[in-house]
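Okay, so here's the structure we're looking at.
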Amino acid sequence: MSFTNPGPQATAEILKNSSTIAVVGLSDNPARTSFQISEAMQKAGYKIIPVNPKVTEVLGEKAVSSLQDIEEKIDIINVFRRSEFLPEVAREAKAIDAEAFWAQQGVFHPEAYEELKDSKQEVIMDSCIKVAHATLL
């Protein structure tokens, strides 16, 4: 298995063409990285959908328990879970019509790529969406 993140141009296109980000593992704790990055992406104009069964609302948005509970179009699935949970999230993401599966910096699992490589979703792992947005757009 050989995995490489898409290049800067392809990553910038994903960000430019997206408006809705489902954030798996989004915490309602403002001190957590998932909250801070999602808040920054929300301020940049993206709609954030919190995906976390342990919270009811984050950043003024109603939370859902799983990706399957989202009724609207998702452009990016942004994952804030530990690497060992990535294959499970990838299996769930496979059933979603999203443009990209994006695992945050420090989060990588080759099995997640294997799960999604034949889907239409672009896979990005071990990369911060906020940093990519700030440097590419």
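Positions -5 to 131 (the numbering used here) are the ones given, in order, by the sequence shown.
C-beta atoms are modelled at their ideal positions from N, C-alpha and C, and glycine is treated no differently.
The structure presented is a predicted model; accordingly, all values stated were derived computationally and were not measured.
Margin query: Can you give me the C-alpha to C-alpha distance between Pro104 and Phe(-3), rounded to a whole angstrom?
Written below: 7 Å
Notebook entry, point to check: Are three or more beta carbon pairs between the segment 54 to 62 and the segment 38 to 45 nearer than 8 Å?
Noted result: yes
Check: Measuring CA to CA, which of Ala94, Arg26, Val49 and Lys41 is closest to Ala4?
Finding: Ala94
Next item on the list: Would you list, in sequence order, the uninterrupted beta strand (DSSP E) runs of no fewer than 3 residues that lie entirely inside the segment 16 to 49?
Entry: 41 to 45
Margin query: So, for Leu140: in the same chain, excluding its five sequence neighbours on each side, which residues have a beta-carbon less than 7 Å away from its beta-carbon?
Written below: As shown, the chain starts at -5 and ends at 131. That puts residue 140 outside it, with no answer to give.
Note to self: Taking DSSP's pairing of strands, which residues face Ala94 in a bridge?
What the structure shows: Ile70 and Glu116
Next item on the list: Sort out for me which residues DSSP pairs Glu51 with in a bridge.
Entry: Lys56
Notebook entry, point to check: Leaving out five residues before and five after Thr50 in sequence, what residues of the same chain have Cβ atoms less than 6 Å from its Cβ?
Noted result: Ala57
Check: In terms of DSSP beta bridges, what is Thr14 paired with?
Finding: Lys41
Item checked: Closest by C-alpha distance to Phe102, when choosing among Phe29, Gly19, Gly39 and Pro81 -> Pro81
Checklist line | Beta-carbon separation (whole angstroms), Val52 vs Phe29, contact threshold 8 Å | finding: 7 Å
Notebook entry, point to check: So, helix, strand or coil for Leu61, using DSSP?
Noted result: helix
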